[in-house]
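A.B. asks:
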Amino acid sequence: MEPLQIIEIFISGIVVGGLYSFTAVGMTLILGVMRVINLAHGSFYMVGCFATYFILVQAKLNPILGLFLTILIVFILALFVEKLIVRNTKTDLMRVSVATFSLAMLSEEAIRIKWGKVYRTIPTFIPGTTSYYGITFDNQRLVASITAVLVITGLVLYIKKGRFGRAIRMVQQDTEMASLLGINVDVVNIMVFGIGAALAGAAAGLLAPLYMIYPSMGWPPLLKCFAIVILGGMGSVGGTIFASFIFGVVEVGTAFFYGSQWAYAAVFLIMIIILLIRPKGILGKDIF
Amino acid sequence: MKKFLLVGICFGLVFMTTSLIWAQSKELKIGLLAPLTGPISEGGQRIANSIKMAAEEINAKGGVLGMQIKLIEWDTMGEPERGVTGAKKLIESDQVWGLIGVYRSGVALAVAEVAAANKKLFMVTDAASPAVTGLVKKDYDKYKYIFRTAAMATHFTISVNPFVTDIIKAKTYFFIAENTKMSRDIFEATKQTFDPMGIKCLGEAYVDVAASEFMGELARIKSLKPDVVIVHIPGAGGVAFQKQYYDAKVKIPHIAHTGVMNMPNVVREIGEKSNYASFAAFCWDVPITEKTIPFYKNFTKKFGYEPEGYSDVRSYDGMVVLGDGIKRAGSLDVENVIKALEKTDLKGVAGRYVFDETHQAKWGEGYLLNIIGEWVNGKGLVLWPKAYATGTYKHDPRK
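Those protein sequences? They're chains A and B, same order as listed. Sequential numbering of the first sequence, starting at 5, is according to my numbering. Sequential numbering of the second sequence, starting at 20, is according to my numbering.
1) Tell me whether the stretch 102-110 of chain B and the stretch 348-355 of chain B touch, counting them as touching only if at least three CB pairs, one residue from each stretch, are closer than 8 Å.
2) Return the chain-ordered list of same chain residues with a C-beta closer than 6 Å to the C-beta of isoleucine 357(B), the five sequence neighbours on each side being excluded.
3) Can you tell me whether DSSP reads arginine 347(B) as helix, strand or coil?
4) Can you tell me whether lysine 262(B) is buried or exposed? The criterion is at least 16 other CB atoms within 10 Å of its CB, across all chains shown.
5) Out of Ile218(B), Val250(B), Lys241(B), which has the shortest C-alpha to C-alpha gap to methionine 201(B)?
6) Grouping DSSP H, G and I as helix and E and B as strand, with all else coil, what is glutamate 46(B)?
7) What does the Cβ neighbour count give for valine 26(B), buried or exposed, with the cut at 16 atoms within 10 Å?
8) On the three-pair Cβ rule with 8 Å, is the stretch 358-372 of chain B touching the stretch 260-277 of chain B?
9) To the nearest whole angstrom, what separates the beta carbons of phenylalanine 301(B) and valine 340(B), a pair I think is in contact under 8 Å?
10) Tell whether a beta-carbon distance below 9 Å holds between isoleucine 289(B) and leucine 388(B).
11) Under 8 Å, with one C-beta from each stretch per pair, do the stretch 47-67 of chain B and the stretch 86-93 of chain B reach the 3-pair mark?
12) Under 7 Å Cβ to Cβ from isoleucine 163(A), same chain only, skipping five residues before and after it: list those, please.
13) What ranges does the beta strand (DSSP E) occupy inside the stretch 106-130 of chain B, keeping only unbroken runs of at least 3 residues that lie completely in it?
14) Check the Cβ of aspartate 142(A) against every Cβ in chain B and list those closer than 7 Å, keeping chain order.
15) Taking Cβ-Cβ distances below 7 Å as the criterion, which residues of the stretch 190-202 of chain B are in contact with chain A?
16) Short of 6 Å in beta carbon distance, which residues of its chain neighbour aspartate 94(B), apart from the five on each side in sequence? Order them along the chain.
17) Since threonine 282(B) meets chain A, which of its residues come closer than 8 Å, beta carbon to beta carbon?
18) Report the residue ranges of all alpha helix (DSSP H) runs contained in full by the stretch 282-364 of chain B; include only those spanning at least 4 residues, in chain order.
19) If I follow the unbroken beta strand (DSSP E) through phenylalanine 194(B), where does it start and stop?
20) Looking only at its own chain, which residues have a Cβ that is under 6 Å from the Cβ of threonine 95(A), when we skip the five neighbours before and after it?
21) Assuming valine 226(B) and glycine 256(B) are in contact, meaning their beta carbons sit under 8 Å apart, how far apart are those beta carbons, in whole angstroms?
22) Residues of the stretch 306-338 of chain B with a CB closer than 9 Å to any CB of chain A: list them in chain order, please.
23) Exposed or buried, which one is isoleucine 271(B) when buried takes at least 16 other CB atoms within 10 Å?
24) For the beta strand (DSSP E) containing isoleucine 390(B), name the first residue and the last one.
25) From the DSSP output, in three-state form, read off arginine 91(A) for me.
26) Report the three-state DSSP secondary structure of isoleucine 291(A) (helix, strand or coil).
27) Do phenylalanine 26(A) and valine 196(A) have their beta-carbon atoms positioned less than 9 Å apart in this structure?
28) What residues in its chain sit with their C-beta under 8 Å from that of serine 293(B), if we drop five residues either side in the sequence?
29) Of all the options Leu402(B), Thr173(B), Thr144(B), which has the alpha carbon lying nearest to the alpha carbon of serine 69(B)?
30) Starting from tyrosine 225(B), find everything on chain A with Cβ-Cβ shorter than 8 Å and list it in chain order.
31) To which residues of the same chain is leucine 52(B) closer than 7 Å at the C-beta, ignoring the five residues directly before and after it?
32) Within 9 Å (strictly less), CB to CB, does threonine 128(A) reach chain B?
33) For serine 135(A), which residues does DSSP report across the bridge?
34) Would glutamine 177(A) count as contacting chain B if we go by Cβ distances under 9 Å?
35) Between the stretch 25-40 of chain A and the stretch 237-251 of chain A, can you find at least three pairs of beta-carbon atoms closer than 8 Å?
36) Using a C-beta cutoff of 9 Å, does threonine 244(A) count as contacting chain B?
Structure (structure tokens):
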């Protein structure tokens, strides 16, 4: 076993973890502020992928414009979902979970009816590869991973320092008090839901060219996000990012050393061990 | 006046009822089972479309024994429980004469039990486990109703042999596949084939059906340095795997079993990253029989995408073979149809269909074979067999 191989596996795991964090942070943001388990989160990612397909492959628009349009489409869609569905069901955890799950099923079938069941894929728009000391990564994957870290860092900084960010933190800490202090909680919630979904949309725009897209593709990322969010600590953005990297490194490392069939088992074993030691997850409940 | 009206209504009702019964007796109802929704619905849709296309063509020529084939669909979603529920509903409620289709051996085995218990003919067009036709061998009297035009797991293994032994002349290989029963069957058959030849397996990996990240597996392949990599990821993950294989510059020759990497519409959209990916296909748009090219043209025109050569072709041929068997039997008596099917000798799209003693369509020279191809710049070069070859193997030249 060469040292370079270990480095390659570790860096590959970090890159994969960065990709996972992009969708997972959106889910934890919604969970932390709104106390809502959004089971349609994977669907926002899936819709984002199909929006990217339409924009880049069918409409043949510029990829950068396409990325912004994808984020915008998913963001606007999420605003409607929050206003019509989540707001009216979130007082009961079971109701909102069932409602968002039903929405996920509905969106899958709607996409299937519109785009059919034929597999589709998108050519990468950040071409080429980057190699360092024999370790090669495709540029699309690297850019997506780095962008994820930068966007999430920017979001965290904004929420810590920005005015609206303070409002988000107040609603997260005490909704009633925030309302009494004049903060429009509904506006905060709808924006948080939109931003959370927009992160999934951004992930879709950058990641869709790496994979194949199909109507039921939202479920695996949803399950992974859920596991990562629990591992990191529900509502903790920092914990989610850390958990994403752990997830990525363990998954890639296990596949290399023991075989792919053990990758998920290893990840969930680590999760159980960490939860036994720290029941609230790696970084507990507070989101910032 | 009122009496005449009443009599008239009664006659009308009697006429309508007898017309309906007469119309139904002019129909041959066949239950079509396939995963029409869910993650494997792409394959399921191909199966359904192909069977429907075959049925339409048969009906346009007068149907079977003067009856128009009426297909009644059931969505199995790739799950055995749903397959069983559907088979029972089709048989008991819809009163179908027989069953066709399926996808996934687990579903096929479950449906086979229902078909056998109800003495209904079951034409399996897409499920590869040897256990399916193994039932016929185990208990002929109980399971004689099962026939299979689909390839068997061993055929998947044999389909890549020429690439491993003749084109690459490999001494070692790595096997990576979806984590399914079929994959494990294929690997066992692969080992049994290559071990006596002295071709060594350096490693195997089974990935989740929904997997989309393969960095760990690719690092392992690079470290082991096999002469060839055999890939059985027929679903959506196959595209991600190919893209990552290309990006990681794993320049080891690799061949994918029939699946997503022999779908021209998908490969076109992958673009450059499909280069140097070899594939085994159970059919291709080369003149395997006089029916092959017309089928490819008609299918593409009708559905807007090309056949991938397995789920679609074997399902189309399965419907044609079934119709032919009923015609030759001269009646719908299932025992007569079984005897007629056992004597099948029919040229389909994929080749010549003759069933062996386990009701499996025979594989080999003069029966059904495969082609081996390689994608280069969006074109599928046929490498093998020589009769249809359009090019020679190209190694990845990138540094």
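Built from N, CA and C at the ideal position, the CB exists for glycine as well. Since this is a predicted model, take the numbers as computed values, not measurements.
C.D. replies: On the basis of the supplied data:
1) The answer is no - the stretch 348-355 of chain B does not touch the stretch 102-110 of chain B, with fewer than three Cβ pairs under 8 Å.
2) As a first step, residue 357(B) is located in the second sequence; it is residue number 338 there, counting from the start. Within the same chain, isoleucine 357(B) has close Cβ partners Lys163.
3) For the purposes of this step, residue 347(B) is taken as residue 328 along the second sequence, with counting starting at 1. If DSSP states are grouped into helix, strand and coil, arginine 347(B) belongs with the helices.
4) Translated into the one-based positions of the second sequence, residue 262(B) becomes position 243. Lysine 262(B) should be labelled buried.
5) Taking the second sequence and counting its residues from 1, one reaches residue 201(B) at position 182. Answer by Cα proximity: Val250(B).
6) Reading the second sequence from its first residue, position 27 is the one you call residue 46(B). Glutamate 46(B) falls in the strand class under three-state DSSP.
7) By 1-based counting over the second sequence, the position of residue 26(B) is 7. Looking at its Cβ environment, which holds fewer than 16 other Cβ atoms inside 10 Å, valine 26(B) is exposed.
8) no
9) Position 282 of the second sequence holds residue 301(B). Position 321 of the second sequence holds residue 340(B). Not quite, the Cβ-Cβ distance comes to about 15 Å (not below 8 Å), so this is no contact.
10) Here residue 289(B) is taken as the residue at index 270 of the second sequence, counted from 1. Here residue 388(B) is taken as the residue at index 369 of the second sequence, counted from 1. Between isoleucine 289(B) and leucine 388(B), the C-beta gap is not smaller than 9 Å, which leaves the two residues out of contact.
11) yes
12) On the first sequence, position 159 is the one that residue 163(A) refers to. Take isoleucine 163(A), set aside five residues on each side of it, and the residues of its chain with a beta-carbon closer than 7 Å to its own are Gly169, Ile172, Arg173, Phe292, in chain order.
13) 117-120
14) Position 138 of the first sequence, counted from the first residue, corresponds to residue 142(A). Near aspartate 142(A) (Cβ distances below 7 Å), the residues of chain B are Asp266.
15) Cβ contacts with chain A come from Asn198.
16) As a working note, residue 94(B) is residue 75 in the second sequence. Contacts found: Leu55, Thr56.
17) Numbered from 1 along the second sequence, position 263 holds the residue referred to as residue 282(B). Threonine is not the amino acid found at residue 282(B); the sequence shown has methionine there. Those within 8 Å of methionine 282(B) in chain A are Tyr123.
18) 283-289, 311-322, 330-348, 353-361
19) As a position in the second sequence, residue 194(B) is number 175, starting the count at 1. Phenylalanine 194(B) -> beta strand (DSSP E) spans 191-197.
20) Stepping through the first sequence from its first residue, residue 95(A) is reached at position 91. Hits under 6 Å: none found.
21) Here residue 226(B) refers to the residue found at position 207 when the second sequence is read from its first residue. Here residue 256(B) refers to the residue found at position 237 when the second sequence is read from its first residue. About 6 Å; that satisfies the 8 Å criterion.
22) Phe322, Gly323, Tyr324
23) Taking the second sequence and counting its residues from 1, the one referred to as residue 271(B) is at position 252. Isoleucine 271(B) is buried by the Cβ-count criterion.
24) The count along the second sequence starts at 1 and reaches residue 390(B) at position 371. Unbroken beta strand (DSSP E) run through isoleucine 390(B): 390-395.
25) To locate residue 91(A), count along the first sequence from 1; it is residue 87. Of the three classes helix, strand and coil, the one that applies to arginine 91(A) here is helix, per DSSP.
26) Here residue 291(A) is taken as the residue at index 287 of the first sequence, counted from 1. Model confidence at isoleucine 291(A) stands at a pLDDT of 46, short of 50, so the residue's coordinates are unreliable and nothing is read from them.
27) The count along the first sequence starts at 1 and reaches residue 196(A) at position 192. The count along the first sequence starts at 1 and reaches residue 26(A) at position 22. No.
28) The sequence position of residue 293(B) within the second sequence is 274, counting from 1. Cβ within range, chain order: Gln261, Tyr265, Met280, Val286, Trp394, Gly397.
29) Counted from its first residue, the second sequence places residue 69(B) at position 50. Closest option to serine 69(B), Cα to Cα, is Thr144(B).
30) As a working note, residue 225(B) is residue 206 in the second sequence. Contact note: tyrosine 225(B) reaches chain A through Gly263, Ser264, Gln265, using a C-beta cutoff of 8 Å and chain order.
31) In the second sequence, the residue the question calls residue 52(B) occupies position 33. Correct list, in chain order: Trp93, Thr95, Gly102, Gly105, Ala106, Leu118, Gly120, Val121, Val130.
32) Position 124 of the first sequence, counting from 1, holds the residue named residue 128(A). Cβ-Cβ to chain B under 9 Å: yes for threonine 128(A).
33) Looking up residue 135(A) in the first sequence gives position 131. Thr140(A), per the DSSP bridge assignment.
34) Counting from 1 along the first sequence, the entry for residue 177(A) is found at position 173. Not one chain B Cβ lies under 9 Å of glutamine 177(A).
35) Cβ pair count under 8 Å is three or more, so yes.
36) For the purposes of this step, residue 244(A) is taken as the residue at position 240 of the first sequence. Chain B, which has no Cβ nearer than 9 Å to the Cβ of threonine 244(A), makes this no.
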